[in-house]
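Sequence lines, in order, name chains L and R.
Going by the working numbering, the first residue of the first sequence is number 2, and it counts up by one from there.
Going by the working numbering, the first residue of the second sequence is number 272, and it counts up by one from there.
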Amino acid sequence: DGGITQSPKYLFRKEGQNVTLSCEQNLNHDAMYWYRQDPGQGLRLIYYSQIVNDFQKGDIAEGYSVSREKKESFPLTVTSAQKNPTAFYLCASSAGYNQPQHFGDGTRLSIL
Amino acid sequence: RKEVEQDPGPFNVPEGATVAFNCTYSNSASQSFFWYRQDCRKEPKLLMSVYSSGNEDGRFTAQLNRASQYISLLIRDSKLSDSATYLCVVNTYTGNQFYFGTGTSLTVIP
């Protein structure tokens, strides 16, 4: 069954800690994206990648880092520099131009 | 100016009603348009793509007006299960980025 898998579903971060959110897709999509959604707000782009070994900053990249070593994987690290990390994080992929995005079911990150 | 703007609502309509949402976009070079549905505390799910000639999927009709730079979604015969937030999404070829509206909240009342 093709799709996007995000893990974990819930994550708690301690002060000063880096945490990594996993995103894996078996749709053979080239493009992958990370978004953050705060309560009652729209989606904001953190990072995106159009191809393996390449990625670009989105609108709110500060305090986050990514890697794209494999086509199917696009992990997001929330670093200690991100002072307000509590949010709903969504990973998406797209087959290419003119094609819609498909989303994983998200990770909820909270601060302990 | 935001790339995509939507009326946040909320829209509260009775079952069986027809409801329409509009969305405007600022970049005239935008190429692809979509409507997504997002349930509370869930991920967005693709409802339908929007084509230049307009398109229909059951009770849902989407239309695009490039000259005025807006897209619309019409829901006929509203069901309780249509209650959700509807997101307007625009894609530009530049960087293959997607721009999301903040969503329009719909509640269908029995």
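All residues carry an ideal CB built from backbone N, CA and C; glycine is no exception.
Looking at residue j and residue i, is the spacing between their C-beta atoms short of 8 Å?
i: L:T80; j: L:I112; result: no
i: L:G105; j: L:Q42; result: no
i: R:R330; j: R:D348; result: yes
i: R:Q277; j: R:N362; result: no
i: L:Y65; j: L:Q57; result: no
i: L:L22; j: L:Y98; result: no
i: L:R69; j: L:N54; result: yes
i: R:T378; j: R:P315; result: no
Per the DSSP calculation, residue i is bridged to which residue(s)?
i: R:T378; result: R:N283
i: L:R109; result: L:Y11, L:F89
i: R:V275; result: R:Y296
i: L:Q38; result: L:L44, L:F89
For residue i, which of helix, strand or coil comes out of DSSP?
i: R:S354; result: coil
i: R:T289; result: coil
i: L:T80; result: coil
i: L:T6; result: strand
i: R:N367; result: helix
i: L:Y98; result: coil
i: L:I61; result: coil
i: L:E16; result: coil
i: R:N362; result: strand
i: L:H30; result: coil
i: L:S68; result: coil
i: R:R347; result: coil
Take every Cβ of the stretch 283-296 of chain R, pair it with every Cβ of the stretch 22-38 of chain L, and state whether three or more of those distances are shorter than 8 Å. The stretch 283-296 of chain R makes no contact with the stretch 22-38 of chain L; the number of CB pairs closer than 8 Å stays below 3.
Where are the beta strand (DSSP E) runs, 3 residues long or more, that stay fully inside the stretch 288-343 of chain R, in chain order? 290-296, 303-309, 315-321, 326-328, 331-336
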